[in-house]
């Protein structure tokens, strides 16, 4: 397996959980990635912060982002300061179809997504969007990310309220006008959608499987890019879903 491996090749939960047992070469590759400049199929892009952001608020809020395979997106936001939880799941379709093998057909309306719980006093919605567009995925790829294709891998912001929608719309317009990506942003905005958590074997996948070839090539560089581009937001210790559910 290598960087062009698709999710169709790793759809089985038994494959996803058991394939890491014999990956000695991948472990070496992972070590190289952590000790050298991040390079992968999707490089990070330096972008300006949003001109419009949410109003200061107390308590916690939630944001839902979709940008390709949720393993990498979850892994990125688990390392962002102010984020208390980042859960992989499915958004855009119905509850009965929120199952990995069914979502993988691309016919359920779902997108692989990540629900982020955060403290707006520590990290704003606009800052999360900046990480999302710059590090977590490539917003110019329509219905695919890297080796994965289909509407379930679309770039979508699932706005939780009108304020989030306005901030996201404003930021997309700002980035398009600045031409920071060289191509138009294809990220869509969807509202009124329910998030459904993914199966346990998908949670914390990046942290639990750092030598998995797909993770090594496609996702570990994202963590390094987060650390490099956003040192003020980077947290060395990730917030893990399974750890918190057992505490």
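Residue numbers (my numbering): 355 to 601.
The beta carbon of each residue, even a glycine, is placed where N, CA and C say it ideally should be.
So residue i is in the alpha helix (DSSP H); what residue range does that whole segment cover?
i	result
residue 582	574-583
residue 560	559-562
residue 484	479-485
residue 454	454-457
Classify residue i as buried or exposed, calling it buried when 16 or more other Cβ atoms lie within 10 Å of its own Cβ.
i	result
residue 502	buried
residue 570	buried
residue 573	buried
residue 411	exposed
residue 378	Low confidence applies to residue 378: its pLDDT is 35, below 50, so where it sits in the model is not reliable enough to give any reading.
residue 591	exposed
residue 413	exposed
residue 558	buried
residue 455	exposed
residue 389	Interpretation of residue 389 is limited by its pLDDT of 38, a score under 50 that renders its predicted location unreliable; the figure taken from the coordinates is listed afterwards. Answer is exposed; the Cβ neighbour count stays below 16.
residue 386	Residue placement at residue 386 is flagged as unreliable, the pLDDT there being 37, under the threshold of 50; the coordinate-derived value follows with that caveat. Exposed.
residue 403	exposed
residue 547	buried
residue 462	buried
residue 597	exposed
residue 437	buried
residue 405	exposed
For the beta strand (DSSP E) that contains residue i, what are its first and last residues?
i	result
residue 416	415-421
Could you tell me which residues DSSP puts in a beta bridge with residue i?
i	result
residue 470	417 and 440
residue 544	512
residue 551	443
residue 588	434
residue 499	502
residue 465	445
List the whole-angstrom C-beta distance separating residue i from residue j, where the pair is believed to meet the contact cut-off of C-beta under 8 Å.
i	j	result
residue 435	residue 589	5 Å
residue 486	residue 499	Not quite, the Cβ-Cβ distance comes to about 12 Å (not below 8 Å), so this is no contact.
residue 609	residue 576	The requested residue 609 does not occur in the structure, where the chain is confined to residues 355 to 601.
residue 465	residue 522	With a Cβ gap of about 15 Å, residue 465 and residue 522 do not count as contacting.
residue 542	residue 510	5 Å
residue 545	residue 519	6 Å
- Query: Counting pairs of Cβ atoms below 8 Å between the segment 396-403 and the segment 511-518, do you hit three or more?
  - Reply: no
(request) State whether the segment 469-476 contacts the segment 489-497, with contact taken as three or more CB pairs (one from each stretch) at a distance under 8 Å. (result) no
Touching or not, the segment 526-537 and the segment 440-456, by the rule of three or more beta carbon pairs under 8 Å?
-> no
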